[in-house]
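These notes concern the structure reproduced below.
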């Protein structure tokens, strides 16, 4: 996906940084393919040292930035509703010097979060909801000068070597002591709960997965074209609101015909229903998967497909995506596809309500392209006449 950026310079702790500020309202969990914006005079991507996300709704640390910003040293995610962060999220950022994840909703820091980091000097998780930090999370950071854990649920300490931070209130040893104290009080219970829940989920889906190839107790048939899928009614009811509605209306029903979903896509949907594993699809099949999940009201699968579509959204597929996002009520997909269409047709004055009227958008853009093509052909004829004179 592409992001819009505003560039500016900022001085912090006597250092001046050239910053790319991104304040998109939603950042999907897919790789960033491009960043668009006008650099300050004399500046290029080689000069950008920090990428700052501000008030961007996100569920995952953005990926792919380091390919676009080769000399990046700082990453800031501020007030962006980020709830989780792990070492895989930070794998491409191991060379960073400063990480600011402030005023988000993070509750837990795993012990291996900064594994492999060799240059990190500044870490701030101020203003999150931190309840637990695993042991030794900061021990591998040999250049550490600043750690801010203040304004969290269970953490208040703020260590800094920079004298301008007058509200610092702890040495590094005292800050680590607070981490260990909280762990002693809460960590074992937290660990037991999360471990048991993970094992429970794995066991459930492992057992359900075995039912796919086991014809025992299959009591429902779904026909798509010439192919018949034998399934378990109780699993359909639990996983799909559409199937639940059908079966609730007629509990004795044993088979249905399903139209409009390709067989290969339904096979992937069925595998997800039984295993909770997201399918590996791309291109046109992503749109088909989104439509199938939307029609069958499987929200997690629909949202997965939507985030993948956002990663491949472009001027060529934006109108089709706008149609699907309206049909199956996905706000983020609707907004991003509408923005992509507006970028493709900057000469058209789009009305905001049109994002809810994809047929209107289709008609207006088709007419615009017809006029542009007619103008192009007319210009060609005038050019031929001019050359003959």
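Residue numbers (this note's numbering): 13 to 401. In this text, a Cβ means the ideal position worked out from N, Cα and C, and glycines have one as well. Please read all numbers here as calculations on a predicted model, not as lab measurements.
For residue i, tell me which candidate among the options has the shortest Cα-Cα distance.
i: residue 137; options: 155, 97, 152; result: 97
i: residue 341; options: 322, 328, 318; result: 318
i: residue 346; options: 354, 352, 353, 337; result: 337
i: residue 352; options: 324, 379, 238; result: 324
i: residue 95; options: 79, 140, 83, 57; result: 140
i: residue 272; options: 388, 302, 186, 331; result: 302
i: residue 384; options: 373, 395, 360, 396; result: 360
i: residue 320; options: 396, 295, 330, 394; result: 295
i: residue 124; options: 106, 397, 263, 279; result: 106
i: residue 43; options: 23, 104, 280, 263; result: 104
i: residue 148; options: 191, 186, 197; result: 191
i: residue 372; options: 386, 256, 332, 83; result: 332
i: residue 30; options: 75, 83, 339, 400; result: 83
i: residue 41; options: 344, 51, 90; result: 344
i: residue 231; options: 75, 263, 365; result: 263
How would you label residue i, buried or exposed, when you count the other beta carbons within 10 angstroms and need 16 or more for buried?
i: residue 39; result: buried
i: residue 88; result: buried
i: residue 314; result: buried
i: residue 205; result: With a pLDDT of 47 at residue 205, under the threshold of 50, the modelled position of this residue cannot be trusted; read the value that follows with caution. It is exposed - the Cβ of residue 205 has fewer than 16 other Cβ atoms within 10 Å.
i: residue 298; result: buried
i: residue 53; result: exposed
i: residue 300; result: buried
i: residue 28; result: exposed
i: residue 110; result: buried
i: residue 160; result: buried
i: residue 251; result: buried
i: residue 305; result: buried
i: residue 277; result: buried
i: residue 375; result: exposed
i: residue 330; result: buried
i: residue 388; result: exposed
i: residue 79; result: exposed
i: residue 382; result: exposed
i: residue 36; result: buried
i: residue 197; result: exposed
i: residue 394; result: exposed
i: residue 404; result: Outside the shown range of the chain (13 to 401) lies residue 404, about which nothing can therefore be said.
i: residue 380; result: exposed
i: residue 22; result: exposed
i: residue 392; result: exposed
For the putative contact between residue i and residue j, defined by C-beta atoms under 8 Å, what is the C-beta separation to the nearest angstrom?
i: residue 119; j: residue 92; result: Actually they do not touch by this definition, with Cβ atoms about 15 Å apart.
i: residue 267; j: residue 233; result: 4 Å
i: residue 327; j: residue 356; result: 4 Å
i: residue 348; j: residue 390; result: At roughly 35 Å, the Cβ-Cβ gap does not stay under 8 Å, so residue 348 and residue 390 are not in contact.
i: residue 126; j: residue 188; result: Between residue 188 and residue 126 the Cβ distance is about 14 Å, and since that is not below 8 Å, they are no contact.
i: residue 243; j: residue 259; result: So it is not a contact: roughly 11 Å between Cβ atoms.
i: residue 99; j: residue 122; result: 7 Å
Does the Cβ-Cβ distance between residue i and residue j come in under 8 Å?
i: residue 129; j: residue 162; result: no
i: residue 308; j: residue 254; result: yes
i: residue 181; j: residue 169; result: yes
i: residue 165; j: residue 143; result: yes
i: residue 282; j: residue 316; result: no
i: residue 62; j: residue 85; result: yes
i: residue 60; j: residue 81; result: yes
i: residue 183; j: residue 174; result: no
i: residue 134; j: residue 158; result: yes
i: residue 19; j: residue 55; result: yes
i: residue 131; j: residue 156; result: no
i: residue 270; j: residue 236; result: yes
i: residue 291; j: residue 334; result: no
i: residue 247; j: residue 284; result: no
i: residue 49; j: residue 77; result: no
i: residue 66; j: residue 33; result: yes
i: residue 45; j: residue 14; result: yes
i: residue 293; j: residue 280; result: yes
Would you say residue i touches the ligand FAD, meaning its beta carbon is less than 7 Å from a heavy atom?
i: residue 341; result: Absence of the ligand FAD from the depicted structure is noted, as is the absence of any ligand whatsoever, leaving it without description.
For residue i, decide whether its Cβ has a neighbour in chain B, counting only Cβ atoms nearer than 8 Å.
i: residue 106; result: The chain inventory of the structure shown lacks chain B, comprising one protein chain alone.
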